[in-house]
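This report concerns only the one structure given below.
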Amino acid sequence: MGSLIGHVLPGTAFLALGLWHLFNHIKLYSLHPNSYTSSPWFPTPKLRFKPKAQLGLTQLLGAVAFGQQFFLFHLHSTDHKGLEGQYHLLLQAIIIVSLVTTLTGIGLPRSFLVSFVRSVSIVFQGVWLIVMGYMLWTPKLIPKGCALYDEDDHHVVRCGSQESLHRAKSLVNIQFSWLLIGIAIFAISFYLGLVERFGKRVEHYSALPKEFEEMKEEEEEEVFSDVESQKEKKFGESRGSFIHMGAGLAPFNMER
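Mind the numbering: the sequence shown is residues 542 to 797 in our numbering, read in order.
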């Protein structure tokens, strides 16, 4: 990974994976907010008819992968001090978030927040790897007082003094903070946009049964009122005929 391509390519893969998960989790939660269940993977249409995986075991495998990633970068950082070590240190913090949220997802499979944070952390991993690749292996972007050296066929950023090193690390921390804010704003905006798009379908479909129920109640009331009016009409006619018959029989009895 000690090159520009070695950081940009994995970073692009993490970025694409994180965006894929983020989109599908938000879409799934928007369409089914009451029955949402976190999925560790969203297959493409060609793979949708494969046997269903055990979600808990798949989450565990994902946690093992993130744990292995953290272990490798932790050991890798021992050989890369200075500016590159600071980038790796902050990357390990993001990996820990991915690891913890993946483990938490095993016990809380219906928590959208856990899935949301995990997806955003994967996006952040990809963005940070890409930024790291360009900032460490582009001479014009290296902080003042530091330079790129070739040591044992390996490019390393070295700073001329402790003051330059502290300044460079401070710039890395500022980059991390600004990226964190930017990704958080993007994730929330992305969430609101997808909820606005897919949430309307849920409201539309949920409103239909209510309208049908109201129409059905109105029809039942009309039918009930018609039946009652018919009963009253028939009762009135039968009562009138009975009175008419009684009136006709009265003179007959008197004559007798």
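C-beta: ideal position from N, C-alpha, C; glycine also.
Just so it is clear, the structure is predicted and the values come from calculations on it, not from any experiment.
Taking TRP582 as reference, the option from SER576, LEU598, LEU572 with the minimal CA-CA separation is LEU598. Cβ-Cβ distances below 7 Å link TYR570 to TYR577, PHE653 in the same chain, with the five nearest sequence neighbours on each side left out; the list follows chain order. In the DSSP assignment, HIS696 forms a beta bridge with ASP691. The C-alpha of HIS573 lies about 40 Å from the C-alpha of ILE546.
Per DSSP, HIS548 is one residue of the alpha helix (DSSP H) stretching across 545-572. Of all alpha-carbon atoms in GLY723, ALA606, CYS687, the one lying nearest the alpha-carbon of LEU706 is that of CYS687.
Across the structure, LEU721 and ILE663 are spaced so that their CA atoms are roughly 12 Å apart. Along the segment 638-722, the alpha helix (DSSP H) occurs as fully enclosed runs of 4 or more residues at 653-678, listed in sequence order.
Note that the C-beta distance between THR553 and GLY667 is below 8 Å. Exposure of GLU737 is indicated by the presence of fewer than 16 other C-beta atoms within 10 angstroms of its C-beta.
Taking a contact as a CB-CB distance under 8 Å, the pair VAL655 and SER579 counts as one, their CB atoms being some 7 Å apart. The segment 708-718 makes contact with the segment 626-634; the number of CB pairs closer than 8 Å reaches 3 or more.
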